[in-house]
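Below is one structure, written out as structure tokens; the observations come after it.
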RNA sequence: GGACCGGUAGCUCAGCUGGAUAGAGCAGCUGCCUUCUAAGCAGCAGGUCAUUGGUUCGAAUCCAAUCCGGUUCACCA
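Residue numbers (our numbering): 851 to 1492.
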């Protein structure tokens, strides 16, 4: 039981004894005591005044007295300021906690709760290399999986690869037309980048071919359009030229987009891509072969990137294998009367009663849409693992989609429905706005990794502390620091929030960064190397004397690790861990550096007594463990030296 | 227009199950390396917590309205 829990239950018992009132222990509000007051934890007594019928000060005083008398192992003393009851926790309590945990390898780890959870994350398209946005997703997914594991869950990390569809055909077609048989081997270009280059090539050609079509359409020359597209473009252009529409900037821009989109459809290259997609669906041998070859290049590239990032998966799903799923569910839903058919044979669900819209699930021609396959895949995952919870790490632009997905599954009475959880995260923006591929502002993941590692290498060389380190170890260290910096930078912000990614700041290695935390860890290890020879019999040692302020503070912070771990799970937010571990490192650095008249207050090596040395050795060992554990939850390793 | 999310220091973010004088980092300014790692420490300065009203002993935190920004409401994925 944590200190806070102990205080809560002691306070609940006290209130029962004093005022004959039963309050659930968890409802008692406890804060850490502000540094300017004496004590470690503070009970807010305002809520109790209604049954004590006393002033807040008097209530606090009664409660404090009772707690000290009845909990001699926990509460050593108290002071009252207004309705705040500041408690001083027994120094023995901290010393015992320290003795029990300083060498605990599994600190904070909860025993298995037998519950299975799937975390789906990463889920890339195979037409382009990974970019900054994917990094936030990957780091989040990995970290959440670690946090779940530490809280006792059995976790399946899944990756649903979007390996088919029109966007893949675009890369394939452009490669066919322009690559002259180039391969990653022949060009030396990483597979995912090579394929991405042809996607870009496709878009360039598409733009060239689209422009004259738009220009003609705006001059009322519609020879590029046929059938229903012809009808639509005529309407759109007529509207587009109306003065009242021109005046409404937003509407005008929207119309402009629609005209552009419709024009893109008419280009030769887009139509070729569409044909290729049909051929792929029909199982055309040549197309399928090209598809597997190019996807193979991409996977090899992705694997390399995943490996550098230290990210892995237990289960791969491929959309090419799941995109036809979901039709059975739709048929069943139709039979149950949950879904309905429109005159054109398309199948829908009506969610208007739930404040949403009607949603299409099968087109009139019987082909499925995104939602259909997600329904089917949800069932497939559940059939595979029967997990209690299925977490989707997906950007917040799909909030509506997941709301609808869960609702439909509920209406279809699928057993997986209740466990669906959309871990929605905000977009990563650059200081000047969103990344836009058309403006070439997309930050490539591989480039970014290289840059941060290089920055770490430069910094290490500048410090000159590790000139004796073998080259191989240095490279491991640079990677640890560089990748850690990226992960920390992207995880330290609450996932729900949009965040600004400043490339300059991301390679910054001072302040609220992983490097700061890693440095604190390396310092501790350095201390431990020095004192190791005379650090015997630590296991049985429980400090008896009094504790200096920062000794106590550090133990206290370490003790909070458990509840921080629970909090991170509850909030589904690694940022809770990042903030905590930074605070812990900060606290350690103060402990490390405090100096009075040229002498370190908390020196371990030159401690004033052998007892103090043992105590401080235990404290720094515990701190190093907590730092390492916390960072591990973020997917970040910590060095012995740096 | 409907729905959802956000607005806290010059910048990036904590704090939000209501509680003490709203905190970090960066940037700016002062000090501190003969000492267990200065990738550090100590300090200064910086705030109408978007606005207005309400609930309360007490509001950055809860409620309502307004303003600003974002996302979404596709037979795209």
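Ideal Cβ positions, reconstructed from N, Cα and C, are used throughout, including at glycine.
The beta strand (DSSP E) enclosing residue i, as first and last residue numbers
{"i": "residue 927", "result": "925–931"}
{"i": "residue 1324", "result": "That residue, residue 1324, is in no beta strand (DSSP E); its alpha helix (DSSP H) goes 1321–1341."}
{"i": "residue 882", "result": "880–882"}
{"i": "residue 966", "result": "966–970"}
Nonlocal neighbours in the same chain, by C-beta distance under 6 Å from residue i, ignoring five residues either side
{"i": "residue 1359", "result": "1309, 1365"}
{"i": "residue 1456", "result": "none"}
{"i": "residue 1183", "result": "1189, 1262"}
{"i": "residue 1194", "result": "1214"}
Residues that residue i bridges to, as DSSP identifies them
{"i": "residue 936", "result": "892, 929"}
{"i": "residue 1263", "result": "Answer is none; residue 1263 lacks a bridge partner."}
{"i": "residue 1166", "result": "1009"}
{"i": "residue 1450", "result": "1445"}
{"i": "residue 1209", "result": "1199"}
{"i": "residue 1044", "result": "None; residue 1044 has no bridge partner."}
{"i": "residue 1283", "result": "1280"}
{"i": "residue 1273", "result": "1243"}
{"i": "residue 834", "result": "Here the chain comprises residues numbered 851 to 1492, so residue 834 is not present and cannot be evaluated."}
{"i": "residue 1004", "result": "966"}
{"i": "residue 1495", "result": "Here the chain has residues from 851 to 1492 only, and residue 1495 is not among them."}
{"i": "residue 1190", "result": "1198"}
{"i": "residue 975", "result": "1012"}
{"i": "residue 1350", "result": "1279"}
Alpha helix (DSSP H) segment containing residue i, residue limits
{"i": "residue 1375", "result": "1364–1381"}
{"i": "residue 1152", "result": "1135–1159"}
{"i": "residue 1353", "result": "1353–1356"}
{"i": "residue 1079", "result": "1077–1091"}
{"i": "residue 1471", "result": "1460–1483"}
{"i": "residue 1120", "result": "1118–1131"}
{"i": "residue 1173", "result": "Neither: residue 1173 is in no alpha helix (DSSP H) and is coded neither H nor E."}
{"i": "residue 1405", "result": "1399–1409"}
{"i": "residue 909", "result": "906–920"}
{"i": "residue 1037", "result": "1034–1037"}
{"i": "residue 949", "result": "941–951"}
{"i": "residue 855", "result": "853–869"}
{"i": "residue 872", "result": "That residue, residue 872, is in no alpha helix (DSSP H); it is neither H nor E in DSSP."}
{"i": "residue 902", "result": "899–902"}
Sequence-distant residues of the same chain with beta carbon closer than 7 Å to residue i, five excluded per side
{"i": "residue 935", "result": "892, 893, 895, 910, 913, 914, 928"}
{"i": "residue 1404", "result": "1437, 1438, 1441, 1469, 1473"}
{"i": "residue 1005", "result": "967, 969, 995, 998, 999"}
{"i": "residue 1256", "result": "1267, 1270"}
{"i": "residue 1421", "result": "none"}
{"i": "residue 1105", "result": "1086, 1089, 1090, 1095"}
{"i": "residue 872", "result": "866"}
{"i": "residue 1327", "result": "1310, 1489, 1492"}
Whole-number beta carbon distance between residue j and residue i, since they are thought to touch under 8 Å
{"i": "residue 1375", "j": "residue 1490", "result": "5 Å"}
{"i": "residue 938", "j": "residue 890", "result": "7 Å"}
{"i": "residue 971", "j": "residue 954", "result": "About 30 Å separates the two Cβ atoms, so there is no contact after all."}
{"i": "residue 1296", "j": "residue 1040", "result": "7 Å"}
{"i": "residue 1273", "j": "residue 1241", "result": "5 Å"}
{"i": "residue 1338", "j": "residue 1435", "result": "So it is not a contact: roughly 11 Å between Cβ atoms."}
{"i": "residue 1156", "j": "residue 1162", "result": "7 Å"}
{"i": "residue 962", "j": "residue 933", "result": "Not quite, the Cβ-Cβ distance comes to about 42 Å (not below 8 Å), so this is no contact."}
{"i": "residue 981", "j": "residue 1285", "result": "7 Å"}
{"i": "residue 1212", "j": "residue 1179", "result": "That pair is no contact at about 10 Å."}
{"i": "residue 1276", "j": "residue 1346", "result": "6 Å"}
Any non-hydrogen atom of the ligand ZN within 8 Å of residue i CB
{"i": "residue 1416", "result": "Absent from the structure shown: the ligand ZN. Ligands present: none."}
Same chain, Cβ closer than 8 Å to residue i, neighbours up to 5 away in sequence not counted
{"i": "residue 1398", "result": "1451, 1452"}
{"i": "residue 876", "result": "858"}
{"i": "residue 1362", "result": "1342, 1432"}
{"i": "residue 906", "result": "895, 896, 899, 932, 933"}
{"i": "residue 1247", "result": "1277"}
{"i": "residue 940", "result": "922, 923, 924, 925, 926"}
How do the region 1327–1346 and the region 1279–1294 stand: do at least 3 beta-carbon pairs fall below 8 Å, yes or no?
-> When Cβ pairs closer than 8 Å are counted between the two stretches, the region 1327–1346 is seen not to touch the region 1279–1294, the count staying below three.
Check whether the region 942–949 touches the region 1008–1027, counting contact only when three or more Cβ pairs, one atom from each stretch, lie closer than 8 Å.
-> No contact exists between the region 942–949 and the region 1008–1027.
Would you be able to state if there are at least three C-beta pairs under 8 Å between the region 1109–1125 and the region 1020–1030?
-> Because the criterion of three Cβ pairs below 8 Å is met, the region 1020–1030 and the region 1109–1125 touch.
Cβ contact (3+ pairs, closer than 8 Å) linking the region 1046–1056 and the region 1297–1311 = Contact annotation: the region 1046–1056 does not touch the region 1297–1311, with fewer than three C-beta pairs closer than 8 Å.
contact_flag[the region 1196–1205, the region 1036–1050] where n(CB pairs < 8 Å) is 3 or more = As far as the Cβ criterion goes, the region 1196–1205 does not touch the region 1036–1050, which means the pair count is below three.
At least three beta-carbon pairs within less than 8 Å, the region 1387–1396 to the region 1459–1468 = Yes, the region 1387–1396 is in contact with the region 1459–1468.
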